[in-house]
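To start, the structure under review is shown below, and the notes come after it.
In full-length UniProt numbering, the protein residues as written are 1 to 180.
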């Protein structure tokens with residue numbers, strides 16, 4: 001995703017979260033079943049990925065939006081940590097100085113992404129959904145930034161996967177109107 005697209009996504013997200021913060025607080029307790037999952041995934045950057053993820057992740061179908069967000073963030077945290085370890089291994093094997101720099105940048109990105117995801121979990125746990133979304137978006141941007149130097153690689157696939165998982169976090173609170 002190009003930086004301009006990320007900036008546009010962040011802006012759109014900020015507007016959507018502001019609207020959500022004022023209109024959906026009472027709806028956070030809805031449960032995510034088939035129709036709600038479908039409505040959420042209709043807004044996703046990758047609808048099929050979103051559907052597969054939400055339908056196959058244990059606990060999602062019985063969770064409310066906050067619980068689902070925490071489950072998705074736990075998954076994102078595990079993926080970001082795993083990818084961070086993967087980048088460390090790539091860095092250890094790299095011999096090309098340019099490639100080493102790319103991996104060092106990615107390692108820094110993933111260190112920041114893990115921190116952002118942890119902060120998002122804390123915010124969501126405390127009911128600060130806007131803060132959680134801003135932090136999840138920051139983690140998403142870190143994955144996207146790493147991806148700029150590794151397009152077409154296995155690391156790029158990991159970056160894109162984390163980006164899509166975090167996209168789900170961004171959609172959950174904005175989807176609270178699905179029970180209207």
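Yeah, the Cβ is synthetic: ideal placement off N, Cα and C, and Gly gets one too.
Residue j and residue i - do their beta-carbons sit closer together than 8 Å?
i, j, result
"residue 40", "residue 171", "yes"
"residue 168", "residue 44", "yes"
"residue 80", "residue 134", "no"
"residue 110", "residue 83", "yes"
"residue 94", "residue 100", "yes"
"residue 91", "residue 155", "no"
Go through its chain and collect everything with a Cβ distance to residue i's Cβ below 6 Å, but skip five positions before and after it.
i, result
"residue 159", "143, 146 and 147"
"residue 149", "102"
Measure the alpha-carbon distance for residue i versus residue j and round it to whole angstroms.
i, j, result
"residue 73", "residue 138", "13 Å"
"residue 140", "residue 51", "19 Å"
"residue 36", "residue 76", "21 Å"
"residue 157", "residue 96", "21 Å"
"residue 55", "residue 161", "16 Å"
"residue 152", "residue 106", "15 Å"
"residue 120", "residue 85", "21 Å"
"residue 48", "residue 98", "36 Å"
"residue 21", "residue 108", "Model confidence at residue 21 stands at a pLDDT of 38, short of 50, so the residue's coordinates are unreliable; what they give is reported in the following sentence. One C-alpha to the other measures close to 32 Å."
"residue 23", "residue 130", "Model confidence at residue 23 stands at a pLDDT of 34, short of 50, so the residue's coordinates are unreliable and nothing is read from them."
"residue 127", "residue 115", "18 Å"
"residue 34", "residue 42", "12 Å"
Leaving out five residues on either side along the sequence, give the residues of the same chain with a beta carbon under 7 Å from the beta carbon of residue i.
i, result
"residue 71", "57, 59, 60 and 63"
"residue 25", "Note on residue 25: pLDDT 39, under 50, position unreliable in the model; no value is reported."
"residue 124", "66, 69, 70, 73 and 132"
From the options, pick the residue whose C-alpha is nearest to that of residue i; which is it?
i, options, result
"residue 164", "35, 53 and 38", "53"
"residue 113", "78, 47, 48 and 34", "78"
Identify, in the order they occur along the chain, each residue of the same chain with its Cβ nearer than 8 Å to the Cβ of residue i, setting aside the five sequence neighbours on each side.
i, result
"residue 186", "Outside the displayed range of the chain (1 to 180) lies residue 186, so it cannot be described from this structure."
"residue 136", "73, 76, 116, 117, 120, 166, 169 and 170"
Just checking: is the beta-carbon of residue i within a distance shorter than 8 Å of some beta-carbon in chain D?
i, result
"residue 74", "Here chain D cannot be found, since the structure has a single protein chain."
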